[in-house]
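See below for the structure under consideration.
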Amino acid sequence: MITIKDVAKKAGVSITTVSRVINGSPKVSKKTKEKVVKAMKELGFSPRPWAKYLALPRVKFSAGVVITERIKRFMKEGAFYHSVFEGVSEVASTSGVEVKVLMDGEEEKSFDGYLLFGADFGPNDVKRFMNMGKPIVLVDNYIPGLNVDVVISDGYGGAFNAVQTLINYGYRKIVHIHSPLSTYSFRDRFNGYVDAMEKNHLMPKLYEFDDIAENMSYVIDLMLNSYGVPEAIFTSNDFAAKRAIKELRKRRIKVPEDVAIMGFDDSEDAKEMNFSSVRVFKKEMGSFSMRRLITLMMGQDVHPAKISLFTELIIRGSIKKLRGRGEIL
């Protein structure tokens, strides 16, 4: 049986280019289109819907999952990007797509499309991949002003809901310990926190934690010396929440008796340490990303899209309802 891959080989173009010709994409030059049409006629190839292409055993796209050294730390089992990759792998295996994880900077041009994991990829990095002329999807990253496909979580809504819930439980002095705001997801959560506080006529209080410098001890001391013990702490990820809890315990400050803790991501740490968190649907993020990349590799729906997955608040033993304080909105 003749497949799209056979047509691409005969015409001397990529599978993506053949798909674009089949689907009438304006991105293909007239000369290239004529080469592809000629190859299809000579091979007796009859186009089928793209979903049927993927069902054919001989049709295989290849996708590179590109990570950085920092993201590599979060690829171990149970970690954030390992869960994302599980979603990628499941969709790829049922769709005939070969997937390989590679470090940024490795040989990259042989793949039909790319998933770029995490926010370490800046505008110049993304443009480098865009210049290859291959489909790409940013995963857990968004760069304002750069029109490229992305799949992210709703950090703003998740943070806003988490802080509003703390307020509804009776907390007023709520501190936000955030990671560097150069990362879009942390900035999105930061904005959600600030807006929830201001909506309820409360004063935001902010401290920055650097997970690379591991300065949580300094952050906690700075907070205690400049602000005192807050009623609640909302962190921009679970790693920060875990570190904050450990530093508070060293100073004999109990959770939730003295201070409530709310994290973000709903990692294994949150479950093991029983603290509340905002659940990011990591596996689904990977599934959406892979499906979107397949669509792009087939030349379908090529206009860039920003896909944002809603989050879910998970309440555990690190917060409690304060007596004598009703909800305020």
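Under the working numbering, think of the first position of the sequence shown as 1430, with each following residue one higher. Glycine is no exception: its CB is placed at the ideal position from the N, C-alpha and C atoms.
Cβ neighbours of residue i in the same chain (closer than 6 Å, five flanking residues each side left out)
i, result
"Glu-1741", "Arg-1708"
"Ala-1588", "Arg-1618, Gly-1621, Tyr-1622"
"Glu-1527", "Lys-1489, Ser-1491"
"Ile-1496", "Phe-1546"
"Val-1447", "Ile-1433, Val-1436, Ala-1437, Val-1465"
"Ala-1468", "Val-1436, Lys-1439, Ala-1440"
Within 7 Å, strictly: CB atoms of residue i and residue j
i, j, result
"Arg-1672", "Met-1645", "yes"
"Ser-1705", "Ile-1641", "no"
"Asp-1698", "Asp-1667", "yes"
"Lys-1683", "Tyr-1656", "no"
"Phe-1580", "Ser-1696", "The sequence as given places Val at residue 1580; Phe does not occur at that position. In this structure, Ser-1696 does not lie closer than 7 Å to Val-1580 by Cβ."
"Ile-1606", "Ala-1548", "no"
"Ser-1737", "Phe-1693", "no"
"Val-1566", "Asp-1578", "yes"
"Lys-1712", "Gly-1493", "no"
Residue i classed as buried or exposed, judged by whether at least 16 other C-beta atoms fall within 10 angstroms
i, result
"Ala-1661", "buried"
"Tyr-1636", "buried"
"Tyr-1585", "buried"
"Leu-1651", "exposed"
"His-1732", "exposed"
"Gly-1562", "exposed"
"Arg-1616", "buried"
"Arg-1752", "exposed"
"Lys-1626", "Note that residue 1626 is Met in the sequence shown, not Lys. Burial call: buried."
"Met-1532", "exposed"
Alpha-carbon spacing of residue i relative to residue j, whole angstroms
i, j, result
"Gly-1507", "Ile-1500", "14 Å"
"Lys-1460", "Met-1714", "38 Å"
"Glu-1498", "Gly-1599", "42 Å"
"Gly-1534", "Arg-1720", "25 Å"
"Asn-1597", "Ala-1521", "43 Å"
"Glu-1471", "Ile-1451", "16 Å"
"Ile-1649", "Leu-1677", "7 Å"
"Gly-1746", "Phe-1710", "21 Å"
"Glu-1463", "Arg-1449", "13 Å"
"Lys-1679", "Ala-1734", "46 Å"
"Ala-1591", "Gly-1473", "59 Å"
"Pro-1685", "Lys-1750", "10 Å"
"Phe-1550", "Asp-1639", "18 Å"
"Asn-1553", "Gln-1593", "37 Å"
"Asn-1570", "Arg-1557", "16 Å"
"Asn-1654", "Tyr-1647", "10 Å"
Range of the contiguous alpha helix (DSSP H) that encloses residue i
i, result
"Val-1595", "The sequence given here has Leu at residue 1595, not Val. Run containing Leu-1595: 1584-1597, per the alpha helix (DSSP H) assignment."
"Ser-1539", "Here Ser-1539 belongs to no alpha helix (DSSP H), and DSSP marks it neither H nor E."
"Val-1555", "1552-1559"
"Glu-1713", "1711-1726"
Residue i beta carbon near the ligand FAD (any heavy atom closer than 6 Å)
i, result
"Phe-1490", "Although the ligand FAD was asked about, the structure shown includes no ligands whatsoever."
Residues of its chain near residue i, where Cβ-Cβ distance is below 7 Å and the 5 sequence neighbours each way are ignored
i, result
"Lys-1675", "none"
"Ser-1443", "Ala-1437, Asp-1541"
"Lys-1538", "Met-1561"
"Val-1658", "Ile-1682, Asp-1687, Val-1688"
"Arg-1601", "Leu-1631, Glu-1660"
"Phe-1739", "Asp-1583, Gly-1586"
"Pro-1564", "Thr-1445, Gly-1542, Leu-1722, Leu-1725, Met-1726"
"Leu-1610", "Arg-1616, Phe-1619"
Contact set for residue i: own chain, Cβ-Cβ below 8 Å, skip 5 residues either direction
i, result
"Met-1504", "Ile-1496, Tyr-1510, His-1511, Phe-1514, Val-1530"
"Leu-1595", "Ile-1603, Ala-1661, Phe-1663, Ala-1689, Met-1691, Ile-1748"
Boundaries of the beta strand (DSSP E) in which residue i is found, first to last residue
i, result
"Arg-1708", "1706-1708"
"Ser-1491", "1490-1496"
"Thr-1461", "Unbroken run through Thr-1461 is the alpha helix (DSSP H), 1459-1472; no beta strand (DSSP E)."
"Phe-1668", "Not the beta strand (DSSP E): Phe-1668 falls in the alpha helix (DSSP H), residues 1667-1679."
"Thr-1664", "1661-1664"
"Ser-1737", "1735-1738"
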